[in-house]
Amino acid sequence: MTAAVADPDLAALRRHFRQQRLGLSGEQRAAAASAVVERLEALLASLAGPIGSYMATGSEIDPAPWMRRARARGAELWLPVVQTAGAALVFRPWSDDPDHWQRNTHGIAEPRLGPSLPAAALSALVIPLLAFDVHGTRLGAGGGYYDRSLADCPGPRPLRVGLAFDCQRAEQLPRRPWDAPLDHIVTETESLTCPRS
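This is how it looks when you write it as structure tokens:
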């Protein structure tokens, strides 16, 4: 399903695509998430080096099943940490130890212990989103954390992978100069490769 997007009002776009995502039933969400995990594993299984991911909130696709699977095969997984508003994210190692976690100012669980890496040190970064288009444009929640974190990564690393439900696809989203494009978008029905431009 592709939604036509003519309104450049980003707040309205965020509301629209959040509603699209919330409109999925629990069964649809679970089936889609399972398919996304399979596609994501196929895309990243042979990748070496540290991989960044995220802790899902609300109705986002939860990458935790993929993270457990990736760690079982020996992948090194890192999660974002919000240092301060307006700053780039840093990434710390993922752990199952409950003492390893804290809630950030947005209520999202993040690692509180361990060494930190910048996004540029990651081989891949799995990113949540509200909407995407085939050009690799990503509409996030509006904090700009991922865009700031990727601003100093003009080369091929990290590989940028967005996770989404098909209903989050837009024909074309407005792209601002600071928006960090995605290399791949993984949904329940496809894995899109996007030219980084």
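Numbers 78 to 274, taken from the numbering used here, label the letters of the sequence shown in order. For glycine and all other residues, C-beta sits at the position ideal for the given N, C-alpha and C.
The C-beta of Q245 has 16 or more other C-beta atoms within 10 Å across all chains shown, which makes the residue buried. Under the DSSP assignment, R237 falls outside any alpha helix (DSSP H), being part of the beta strand (DSSP E) whose first and last residues are L236 to L240. Linking I128 to D86 through their CA atoms gives a straight-line distance of about 33 Å. D260 is the residue among F168, D260 and R145 whose C-alpha sits nearest the C-alpha of P233.
Annotation for A107: the continuous alpha helix (DSSP H) segment containing it runs G103 to L121. Residue state for P231 is assigned as coil, using DSSP reduced to three classes. By the CB criterion at 8 Å, R215 and G191 fall outside the cutoff. Considered as a whole, the region 200-228 harbours 201-204 as its complete beta strand (DSSP E) runs of no fewer than 3 residues, in chain order. Between the region 97-112 and the region 257-272, the count of Cβ pairs shorter than 8 Å is three or higher; the stretches touch. Per the Cβ contact rule, the region 206-213 is in contact with the region 88-104 (3 or more Cβ pairs under 8 Å). For Q160, the secondary structure class from DSSP, reduced to helix, strand or coil, is coil. Taking 8 Å as the cut-off, the Cβ atoms of E115 and V158 do not count as close.
At a Cβ-Cβ threshold of 8 Å, W143 and L124 do not count as neighbours.
Within a 10 Å sphere around the beta-carbon of D139 sit 16 or more other beta-carbons, which makes this residue buried. The count of Cβ pairs closer than 8 Å, one atom from the region 159-176 and one from the region 193-201, reaches three, so the stretches are in contact. No Cβ-Cβ contact shorter than 8 Å links W155 with L101.
When rounded, the separation of the alpha-carbon atoms in R225 and P231 is 12 Å.
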